[in-house]
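A.B. asks: Dropping the structure in here first, questions after.
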Amino acid sequence: MQQRSREHGFTYAPDSAGFLIPWLQGSNSGKNDVLYFDNDNGRSVPEERALRKFFRSSYVKAAGAMILAGTILLVLRRIMETTSFHAVVDKINSTLMPVYIGILLAFVLCPIYNAIVRKCYGFMKEGRDLNKARREREKLSRLSERGTGSQGLVLSASDEQTGVDADALAKDKIIGYRKGFNEAVAQKKKEANLSEEDAEAIGNHKILSRARLIASICCLAIIFGVAALLIYTVLPQIVGTVLNLVETAPSRLQDFAEWAHHNLHKYPQVVKKIDEVADSGGGMIITWIQTNILKKHASSIAAVVSSQIFAFVNTVINVFIGMLIAIYLLNYKERLCAIARKLTAANFSEKTARNIYEFANIINTTFIGFIVGRILDAIVIGVLTFMTMTIFQMPLALLISVIVGITNVIPFFGPFLGAIPSFGLLLIQGHPVQALYFAIMILVIQQLDGNVIGPKIVGSVIGINSFWVLISVLIGGGLFGFIGMALGVPVFAVIYQYVNKIASHRLVRKEKLSATDDYYDFSKFGINSTGEVIPGLDDHGGESKDRK
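Going by this note's numbering, the sequence shown opens with residue 1228, and the numbers climb by one from there.
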């Protein structure tokens, strides 16, 4: 049964589900302020539309995605904390450790490898072209000698009468010999079923193989050189410094306590705490050794030594296999990428494949730039710290430089994580003044790193500001520890760049501005979008009374 509303001019009929469905008549139908009620929940149709619009909003979707991502991370963290899962992960990590080492070495050595291949390929290709040109000149000279020397060039009487030049005739003969030679070479290539382009490609491939071999040898030499430097110079000094520190720790603590009595007598609570630590310093070290080393290995020194030897041998084997994997990845990374592109093109549409290629390129650029940049930056900061401490004759220069360099891999918090224990080591050694100088030195070096060295090495490859770096380090470190702090920044940078790319594409489709600078609002400061001062604004950003 249909019913007509005289007041609003439309027809409606109850459907099977109990809703009142409007049968709109005319172009203006449905624009009246009329409420249609759902018989089940009593909710009006405009409310339903508002709710649908709310849940379809991009802000709600973004909030839901963030909540879902946080929940997934927390669940993963909870699963990782379980004993069985932790044991499985440890087994997987120990098995794949050579692969991890190989990937890391390949990431670090990739720029060096590419540069060596590029230089060697260009040099050898240029040399081949020069040799080819030289052989051509030699052949031409031999042909010239054959045409003018051994056979001689005899002009007939008719030629002399007509004024034929001997040089021109010799030149024609040389050109004829050259054409014959080229035709013979072309025929030989044709018989071998090789075109000139194929022969050129084969020659280039041989040159590239030689360049790769030279680059691989250079990379192996770099790895062995760094390993030898660590084993024969750095590692013995670090071990000796640590052993000396353990042996002299009780006496150093007593010296530090005496210094505190003379210089910190205005703070008796601090002096008392230092005395407690100094009095129990030797006992604390012995207790720690008994608890963490001897008891864990059935109180047997032989078990401790054997386990450490086994761990050392296992580490050496993993590093050796990792080196082989790194060389393989460096030499065959193009083929592996080609296989990945081939499989992607075979299983996805052209648009999806293009998006996957773009996403993989973002990941590759971001991770290579960040990891290689941070490692180089850490090496530079470690060397700079060692040189500065050596110049100012500070103790424990090598050990502290290694600590500062390793922790500098972590963005934002790395300098503090390395400076605090180093400062404590200098205090324990009984050099409080040197510790103060060290704190000032680290502050200066980190300012130099943050403003000069870091931007030059890492550059703008990350594409996020310091605020997002801080957030990513906090989240990564809280969920995954040291690895999360080190890799949280590139992971977040990839997500940030991809989200920014999607937003820019949507804005372009809507014919709106896509640059972030176009959405800044400085009206609260009395500045418009062009950077000019807005006249007639009060201190609260509103119009002044005079302007009104």
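Even glycine gets a Cβ: it sits at the ideal position worked out from N, Cα and C.
(1) Would you mind working out which of Y1664, R1276, K1728 and L1603 sits nearest I1339, comparing C-alpha positions?
(2) To which residues of the same chain is V1735 closer than 7 Å at the C-beta, ignoring the five residues directly before and after it?
(3) Does DSSP put I1590 in a helix, in a strand, or in coil?
(4) Rounded to whole angstroms, what is the Cα-Cα separation between G1300 and G1711?
(5) Round the Cβ separation of I1589 and Y1725 to the nearest angstrom and send it over; I've been treating them as touching at under 8 Å.
(6) According to DSSP, is E1418 part of a helix, a strand, or is it coil?
(7) So, at 7 Å on beta carbons, what are the nonlocal neighbours of A1713 in its own chain, with the 5 sequence-adjacent residues on each side left out?
(8) Just the Cα atoms here: how many angstroms apart are E1485 and P1648?
(9) Does DSSP put I1754 in a helix, a strand or coil?
(10) Quick check on DSSP: helix, strand or coil for V1381?
(11) In whole angstroms, give me the CA-to-CA distance for P1325 and I1595.
(12) Identify whether S1533 lies in helix, strand or coil by the three-state DSSP scheme.
(13) Is DSSP giving D1386 helix, strand or coil here?
(14) Need the endpoints of the alpha helix (DSSP H) that V1679 sits in, please.
(15) Are three or more beta carbon pairs between the segment 1429 to 1444 and the segment 1557 to 1577 nearer than 8 Å?
(16) Ignore the nearest five residues each way along the sequence and tell me which others in F1613's own chain have a CB closer than 6 Å to its CB.
(17) Considering only residues of the segment 1435 to 1476, which uninterrupted beta strand (DSSP E) runs meet the minimum length of 3 residues and lie entirely inside it, listed in chain order?
(18) Considering Cα atoms alone, identify which of N1545, L1706, M1550 and F1575 is closest to L1323.
(19) Quick check on the DSSP output: the alpha helix (DSSP H) that includes L1623 runs from which residue to which?
(20) Excluding the five sequence neighbours on either side, which residues of its own chain have a C-beta within less than 6 Å of the C-beta of I1598, listed in chain order?
(21) How long is the line joining the alpha carbons of L1551 and Y1746, rounded to whole angstroms?
(22) Comparing C-alpha positions only, which one of P1642, L1303, Q1661 and T1593 sits nearest to P1622?
(23) Consult DSSP for H1732 and reduce its assignment to one of helix, strand or coil.
(24) What are the boundary residues of the alpha helix (DSSP H) that S1649 is part of?
(25) Starting from the Cα of T1542, find the closest Cα among V1287, V1344 and N1320 and give me that residue.
(26) Within the continuous alpha helix (DSSP H) that includes A1505, where are the two ends?
(27) Is it right to say V1344 is buried, meaning 16 or more other beta carbons lie within 10 angstroms of its own, or is it exposed?
(28) Straight-line CA distance for G1715 to V1700?
(29) Near S1383, what residues of its chain come up, given a Cβ to Cβ distance below 6 Å and the 5 sequence neighbours on each side ignored?
(30) Shortest alpha-carbon distance to F1640 belongs to which of F1709, T1592 and A1314?
(31) Looking at the structure shown, is L1740 part of a helix, part of a strand, or coil, going by DSSP?
(32) Would you kindly check if the distance between the Cβ of I1655 and the Cβ of L1491 is under 8 Å?
(33) Leaving out five residues on either side along the sequence, give the residues of the same chain with a beta carbon under 8 Å from the beta carbon of I1606.
(34) For G1430 and S1436, what's the separation of their Cα atoms in angstroms?
(35) Compare the beta carbon distance of A1666 and F1650 with 8 Å and say whether it is the shorter of the two.
C.D. replies: According to the structure shown:
(1) Here the question's residue 1339 lines up with position 112 in the sequence shown. Out of Y1664, R1276, K1728 and L1603, L1603 has the C-alpha closest to the C-alpha of I1339.
(2) Here residue 1735 refers to the residue found at position 508 of the sequence shown. Excluding sequence neighbours, V1735 sits near S1741.
(3) Position 363 of the sequence shown, counted from the start, is the residue given in the question as residue 1590. I1590 falls in the helix class under three-state DSSP.
(4) Start at 1 with the first residue of the sequence shown, and residue 1300 comes out as number 73. Start at 1 with the first residue of the sequence shown, and residue 1711 comes out as number 484. Reading off the sequence, residue 1300 comes out as Leu, not Gly. Near 12 Å, if we compare the C-alpha coordinates of G1711 and L1300.
(5) Walking along the sequence shown from the start, residue 1589 turns up at place 362. Walking along the sequence shown from the start, residue 1725 turns up at place 498. That belief holds up - the Cβ atoms of I1589 and Y1725 are roughly 6 Å apart, short of 8 Å.
(6) The count along the sequence shown starts at 1 and reaches residue 1418 at position 191. Residue placement at E1418 cannot be trusted, given a pLDDT of 49 that sits under 50; the coordinates are not used to answer.
(7) Your numbering for residue 1713 matches position 486 in the sequence shown. Once the five neighbours on either side are set aside, the close Cβ partners of A1713 are V1636 and I1637.
(8) The residue labelled residue 1485 in the question sits at position 258 within the sequence shown. The residue labelled residue 1648 in the question sits at position 421 within the sequence shown. Going from the Cα of E1485 to the Cα of P1648 covers about 21 Å.
(9) Locating residue 1754 in the sequence shown gives position 527, where the first residue counts as 1. Three-state result, I1754: strand.
(10) Reading the sequence shown from its first residue, position 154 is the one you call residue 1381. Any reading at V1381 must be qualified, since the residue scores a pLDDT of 46, below 50, and its modelled position is unreliable; the value itself is stated next. In the structure shown, V1381 sits in coil (DSSP, three-state: anything other than H, G, I, E or B).
(11) In the sequence shown, residue 1325 corresponds to position 98, counting from 1. In the sequence shown, residue 1595 corresponds to position 368, counting from 1. The straight-line gap from Cα to Cα measures roughly 19 Å.
(12) Stepping through the sequence shown from its first residue, residue 1533 is reached at position 306. In this structure, S1533 counts as helix in the three-state DSSP scheme.
(13) Numbered from 1 along the sequence shown, position 159 holds the residue referred to as residue 1386. With a pLDDT of only 46 at D1386, under the threshold of 50, the placement of this residue in the model should not be trusted, and no figure is reported.
(14) As a position in the sequence shown, residue 1679 is number 452, starting the count at 1. Segment: none, V1679 is in no alpha helix (DSSP H) and carries neither H nor E.
(15) Yes: at least three Cβ pairs fall under 8 Å.
(16) Against the sequence shown, residue 1613 aligns to sequence position 386. Once the five neighbours on either side are set aside, the close Cβ partners of F1613 are A1624 and S1628.
(17) none
(18) Residue 1323 sits at position 96 when you count from the first residue of the sequence shown. Of the candidates N1545, L1706, M1550 and F1575, the one whose C-alpha sits nearest the C-alpha of L1323 is N1545.
(19) Taking the first residue of the sequence shown as 1, we reach residue 1623 at position 396. That residue, L1623, is in no alpha helix (DSSP H); it is neither H nor E in DSSP.
(20) Along the sequence shown, read from residue 1 onward, the residue named residue 1598 stands at position 371. Cβ within range, chain order: F1334.
(21) Here the question's residue 1551 lines up with position 324 in the sequence shown. Here the question's residue 1746 lines up with position 519 in the sequence shown. As the crow flies, the alpha-carbon of L1551 is around 51 Å from that of Y1746.
(22) To locate residue 1622, count along the sequence shown from 1; it is residue 395. The option with the nearest alpha carbon to P1622 is Q1661.
(23) Here residue 1732 refers to the residue found at position 505 of the sequence shown. Of the three classes helix, strand and coil, the one that applies to H1732 here is helix, per DSSP.
(24) Locating residue 1649 in the sequence shown gives position 422, where the first residue counts as 1. Looking at the DSSP string, the run of the alpha helix (DSSP H) that includes S1649 is G1641 to I1655.
(25) Position 315 of the sequence shown, counted from the start, is the residue given in the question as residue 1542. Closest by alpha carbon: N1320.
(26) By one-based count along the sequence shown, residue 1505 stands at place 278. Counting along the chain, the unbroken alpha helix (DSSP H) around A1505 starts and ends at P1495 to D1506.
(27) The sequence position of residue 1344 within the sequence shown is 117, counting from 1. By the Cβ neighbour-count rule, V1344 is buried, with 16 or more other Cβ atoms within 10 Å of its own.
(28) Residue numbering aside, residue 1715 sits at position 488 when the sequence shown is read from its first letter. Residue numbering aside, residue 1700 sits at position 473 when the sequence shown is read from its first letter. Their Cα atoms are separated by approximately 6 Å.
(29) Reading the sequence shown from its first residue, position 156 is the one you call residue 1383. Only weak support exists for where S1383 lies, its pLDDT of 47 falling under 50; the coordinates are left without a value.
(30) If you number the sequence shown from 1, residue 1640 lands on position 413. Per the Cα distances, F1709.
(31) Here residue 1740 corresponds to residue number 513 of the sequence shown, with the count starting at 1. The answer is coil: DSSP assigns L1740 none of H, G, I, E or B.
(32) Residue numbering aside, residue 1491 sits at position 264 when the sequence shown is read from its first letter. Residue numbering aside, residue 1655 sits at position 428 when the sequence shown is read from its first letter. No, the pair does not count as a contact, with Cβ atoms beyond the cut-off.
(33) Start at 1 with the first residue of the sequence shown, and residue 1606 comes out as number 379. Answer for I1606: G1632, listed in chain order.
(34) As a first step, residue 1430 must be located in the sequence shown, where it is residue number 203. As a first step, residue 1436 must be located in the sequence shown, where it is residue number 209. Approximately 10 Å, taken between the alpha carbons.
(35) Here residue 1666 refers to the residue found at position 439 of the sequence shown. Here residue 1650 refers to the residue found at position 423 of the sequence shown. Yes, the Cβ-Cβ distance between A1666 and F1650 is below 8 Å.
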